[in-house]
Amino acid sequence: MKRSLALILALFSPLALTQSPKEAVEAAFKAAFGNWRGKTYQGLDRVAYYTPEGQETQVLRIRTYLDLGGCRLRLEIAPEGEGAPAALVYTRERQFLRLPDGRETPLDDRLFLELIFAWQTGFTGAAFGYDEVASLGKVALPDGEAEAYRVVRRTHACLPKGVLEAKPYEGKVYLREGKVVGEGYFSPILGAETLFLYRDFREEGGARHPLKGEGYVRQGDRWVLFSRGETLEAQVDLPLEEALFR
């Protein structure tokens, strides 16, 4: 009886109930984004970009076609109010940018790495685990305090065929009330540390995605706004035509 009581006390002690940093981050991703394994996504976003002084400089419309299970992505990108978009297509067989005039060009190294890193954040990254997770304690974000974690992923699930390895993903995850509210990494394109905050989640079929978001870049000891995005259309787990990825 004493042994049973001791076992129960041990199992339900605060120490036993405390999550490891890795468990805390994995649970927070699930709470924020739900289950995205093997799903597809179609969406239309309006993204505005800003100068360091806060002046809006450009607005893009970005249509996304994403097949998580097949590691396939198509982004159609055009300035708001203009005609034919450029299309970025990524599959394990081919990765290229198709310009509005029909010409195709391969992705340069920085754009390729940015795409690989961005793939591993938000709801697209929620399906993957991390090799290393370490707590950094509380930090100040533009919208308040959050628990910060340093994360490392050494292998990538969606590398092109023939590419055996790429630079490990190293970033930060920010939690508040047991959910992921933001992420960041050092951007190969911007050449600086970035932060992306997620807002106003919507759930479809057990999968959740943010309807609004903000992007920041680190300048010295402060975060400076560089983008705001809003989802105008979104559909989860509908069939995608094969022609989209050719």
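FYI, in mature numbering (1 follows the signal peptide of the UniProt record, and there is no 0) the residues of the sequence shown are -18 to -1, 1 to 228. Heads up, the beta-carbon is just placed ideally off N, CA and C, and yes, glycines get one too.
(1) Closest Cβ-Cβ distance between Phe99 and chain C: below 8 angstroms?
(2) Can you tell me which of the three DSSP states Ala148 falls into?
(3) Once you ignore the five residues that flank Gly111 on each side, which residues in its own chain have a CB closer than 7 angstroms to its CB?
(4) If we ignore side chains and look at the alpha-carbon of each, how far apart do Val199 and Leu177 end up?
(5) Which residues in the same chain have their Cβ closer than 8 angstroms to the Cβ of Pro221, if we skip the five residues on either side of it in sequence?
(6) Taking the beta carbon of Ala116 as the centre, do at least 16 other beta carbons fall within 10 Å, making it buried, or is it exposed?
(7) Within 10 angstroms of the Cβ of Thr103, are there 16 or more other Cβ atoms? Answer buried if so, exposed if not.
(8) Taking the CB atoms as reference points, tell me whether Glu175 and Phe183 lie closer together than 8 angstroms.
(9) With a threshold of 16 other CB atoms inside 10 Å of the CB of Lys143, please say whether the residue is buried or exposed.
(10) Classify Arg(-16): buried if its beta carbon has 16 or more other beta carbons within 10 angstroms, exposed otherwise.
(11) DSSP on Trp101, reduced to helix/strand/coil?
(12) Keeping to the same chain, check which residues put their C-beta closer than 8 angstroms to that of Glu185; ignore five residues upstream and five downstream.
(13) Could you name each continuous alpha helix (DSSP H) segment of 4 residues or more that falls completely within the stretch 106 to 190, going from the start of the chain to the end?
(14) Starting from Tyr69, follow the beta strand (DSSP E) in both directions and report where the run begins and ends.
(15) Is it buried or exposed, residue 231, if we count other Cβ atoms within 10 angstroms and call 16 or more buried?
(16) How big is the Cα-Cα spacing for Gly195 and Leu123?
(17) Say whether the stretch 208 to 217 touches the stretch 28 to 38, bearing in mind that this needs 3 or more beta-carbon pairs closer than 8 angstroms, one atom from each stretch.
(18) Quick check on the burial criterion: 16 or more other C-beta atoms within 10 angstroms. Buried or exposed for Gln1?
(19) Is Val155 near the ligand MG, in the sense that its beta carbon is under 7 angstroms from a heavy atom of that ligand?
(20) Please state whether DSSP places Pro82 in a helix, a strand or coil.
So, from the data block:
(1) Although the question refers to chain C, the structure presented lacks it and comprises just one protein chain.
(2) coil
(3) Glu8
(4) 6 angstroms
(5) Thr22
(6) exposed
(7) buried
(8) no
(9) exposed
(10) The predicted model places Arg(-16) with a pLDDT of 46, which falls under 50 and marks its position as unreliable, so this point remains unresolved.
(11) helix
(12) Gly16
(13) none
(14) Correcting the residue type first, residue 69 is Ala in the shown sequence and not Tyr. Note, Ala69: beta strand (DSSP E), 68 to 72.
(15) The structure shown does not extend to residue 231, since the chain is modelled only from -18 through 228, so no value can be given for it.
(16) 14 angstroms
(17) yes
(18) exposed
(19) Looking for the ligand MG in the displayed structure turns up nothing, as the structure carries no ligands at all.
(20) coil
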